[in-house]
Amino acid sequence: RKEVEQDPGPFNVPEGATVAFNCTYSNSASQSFFWYRQDCRKEPKLLMSVYSSGNEDGRFTAQLNRASQYISLLIRDSKLSDSATYLCVVKDPTGGFKTIFGAGTRLFVKA
Amino acid sequence: NAGVTQTPKFRVLKTGQSMTLLCAQDMNHEYMYWYRQDPGMGLRLIHYSVGEGTTAKGEVPDGYNVSRLKKQNFLLGLESAAPSQTSVYFCASTENTGELFFGEGSRLTVL
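Going line by line, the protein sequences match chains A and B. Heads up, the first sequence is in my numbering, so the first residue is -3 and it goes up one at a time. Heads up, the second sequence is in my numbering, so the first residue is 599 and it goes up one at a time.
Now the structure itself:
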């Protein structure tokens, strides 16, 4: 089992749609979780951190379910500019500061 | 703000040639990382460093060497390039906040 798993997609949605991505992680001791966004042929950039209580940033909502070991990202009112690959990221809890990436979920938002 | 700078951005090598990728960061970060990204795959950690003078192996270290002689620089070396090392290489740094700051990537082709 991979340490961090994501549905690769692609997700094809119309503008204005709501779309959700899930990500599962294997190490129950993991403490820190993030969503990164990567545009085609560009470097990944932090979209948002994921807190135990869940957090929201505009149209984006991230949630953590420790019991089931998954995190989710919800995008409301999708825009064309949301088209990208979304990477689930988990910080290795063993202290080596390794950050483990999922393979990413591709999102295409169409007019 | 320069952030994280990688050089070169593009390189074509012949099998057996050697080269060094340079990563420089101006944020005074302790932790630096080298990842490779291949089509359809997430970022895989090659080597990382938790401070000047220290390095450690990641998931896929074979065929690569690194050095961190200065805090701001992290070098990735290929002693004898192989076609399997054709990839996009990303350098990243962090100050243990969890957020990784990436360079723009270095696209390497080994013929």
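In this text, a Cβ means the ideal position worked out from N, Cα and C, and glycines have one as well.
The beta carbon of V610 (chain B) sits closer than 7 Å to the beta carbons of T707 and L709 from its chain, once the five residues preceding and following it are set aside; these are given in chain order.
Under the three-state reduction of DSSP output, Q615 (chain B) falls in the coil class, being neither helix nor strand. Annotated three-state conformation of Q683 (chain B) is helix, per DSSP. Beta-bridge analysis with DSSP links T707 (chain B) to B:V610.
Under the 8 Å Cβ criterion, the region 619 to 635 of chain B counts as touching the region 687 to 702 of chain B, having at least three qualifying pairs. Per DSSP, S22 (chain A) is not a residue of any beta strand (DSSP E), being assigned neither H nor E. DSSP, reduced to helix, strand and coil, places D78 (chain A) within a helical segment of the structure shown. Inclusion of N8 (chain A) and F104 (chain A) in the CB contact set at 8 Å is warranted, their separation being smaller than that value. Here S74 (chain A) is buried: its Cβ has 16 or more other Cβ atoms, across all protein chains shown, within 10 Å.
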